[in-house]
Ligand code: TYM
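Residue numbers (the numbering used here): 34 to 367.
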């Protein structure tokens, strides 16, 4: 890290369920393509995941599984840092400082907080201040670009507002981050309920395709995906189920919606769904094979995380020292 002139990318995923194709299409796919041009830090945001009830042993295994899946999808540890958020305590330290310049009104407006509060019983303070921790993730590394899906746009705007506010109150300290949201695929919807987004924390596994789903499971889930009673394959926003499936098709093949429509003139929904399932099965096969090779090598994964945390902490400490100086704290003798 810290190559002069190289811009920074930072992003993260919450280990709150199985990684899904929506996380891949909305975020991970872009993480991979940005690795050559940018210095990248990719987080497993375990601190964030505590805002939802977790089974401790499952959480730990899931975090390892995420590291293995990041690698299997193509995150190259020679180019990018893979970091577990809790390994870098500066995240929580900076969060405290940012808490003091965040208005409650801003957090009250966060749609994700409002949605989650409706869905879960445990409406905890962490859930409420979650966007401040996310801002801290981003600002700590002076990130220029943050590749995310559309659902994170509002959180990212808060990160920008907090950076601007801090810089204005003290003096320029933080880089103002820009969102990087894909034009297509930024909002992949649930297979059974195309009115809501596909989510890895969904209780019903038929709503999502996990990156580790077996081929027969993927086929079954796509065949059962909700569409409508029409017959023509058309890319129409009002036909939400089909619209979503065409977006997934397009994300995995690079074909435009027009090309996909042309390919399926006179064909049936079932033909389209089977083809789509085959495309996703083929795309996930090499990822699953690679994953199976590395997931059980905990020694390798631990070593990688150790190196990631050490390098990340160097940058994180640098920013935090600067922040502590700007707000008027006494420099800690080392
Ligand atoms: P999370 O874990 O909910 O999602 C991880 C990434 O996947 C994207 N995504 C989607 N993209 C398209 N369609 C969908 N249905 C879909 N669902 C999820 C998300 O936009 C995200 O990019 N708060 C964040 C994690 C986070 C973070 C950060 C992200 C913590 N700190 C710093 C960027 C920078 C979250 O819960 O994402």
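We treat Cβ as the ideally placed atom computed from N, Cα and C, and that holds for glycine.
Values in this document were obtained by computation on a predicted structure and should not be read as measured data.
- Please indicate yes or no: does the CB of residue 220 lie closer than 7 angstroms to some heavy atom of the ligand TYM? Yes, since a heavy atom of the ligand TYM falls inside the 7 angstroms radius drawn around the Cβ of residue 220.
inquiry  = Let's test the definition: count the other Cβ atoms within 10 Å of the Cβ of residue 78 and tell me whether it reaches 16, buried, or not, exposed.
reply    = buried
Note to self: Tell me whether the segment 167 to 183 and the segment 140 to 150 touch, counting them as touching only if at least three CB pairs, one residue from each stretch, are closer than 8 angstroms.
What the structure shows: With contact defined as three or more Cβ pairs closer than 8 angstroms, the segment 167 to 183 and the segment 140 to 150 are not in contact.
Practice task
Classify residue 301 as buried or exposed, calling it buried when 16 or more other Cβ atoms lie within 10 Å of its own Cβ.
Solution key: exposed
- Between residue 233 and the rest of its own chain, which residues show a CB-CB distance below 6 angstroms, the 5 nearest in sequence each way excluded? Take residue 233, set aside five residues on each side of it, and the residues of its chain with a beta-carbon closer than 6 angstroms to its own are 50, 51, 53, in chain order.
Sorted by chain position, which residues of the same chain lie with C-beta nearer than 7 angstroms to residue 107's C-beta, five sequence neighbours on each side aside? Here the set comprises 65.
Please determine whether the Cβ atom of residue 188 lies at a distance below 7 angstroms from any heavy atom of the ligand TYM. yes
Touching by the beta-carbon criterion (3+ pairs, under 8 angstroms), the segment 251 to 271 and the segment 284 to 304 = yes
Item to check | Minimum C-alpha distance to residue 132 - residue among 273, 112, 169, 277 | outcome: 169
- Confirm the yes/no value for this check: CB of residue 60, any heavy atom of the ligand TYM, distance under 7 angstroms. yes
Please list, in chain order, all residues of the same chain as residue 323 whose beta carbon is under 8 angstroms from its beta carbon, the five residues on each side excluded.
-> 104, 105
| query | So residue 41 is in the beta strand (DSSP E); what residue range does that whole segment cover? | reply | 41 to 46
Can you tell me whether residue 86 is buried or exposed? The criterion is at least 16 other CB atoms within 10 Å of its CB, across all chains shown. exposed
Residue 249: which of 47, 328, 315 sits nearest, CA to CA?
315
- Task: Quick one: which unbroken beta strand (DSSP E) runs of 3-plus residues sit fully inside the segment 127 to 199? Chain order, please.
- Result: 178 to 180
Restricting to Cα atoms, I'd like to know which of 360, 319, 214 is closest to residue 245.
319
Alpha carbon to alpha carbon, how far is residue 260 from residue 279?
-> 11 angstroms
_Could you check whether the segment 176 to 196 touches the segment 35 to 47, counting it as contact only if at least three pairs of C-beta atoms, one from each stretch, sit closer than 8 angstroms?_
yes
Exercise. Could you tell me which of 145, 84, 354, 213 sits nearest to residue 155, measuring between CA atoms?
Key: The shortest C-alpha separation from residue 155 is found at 84.
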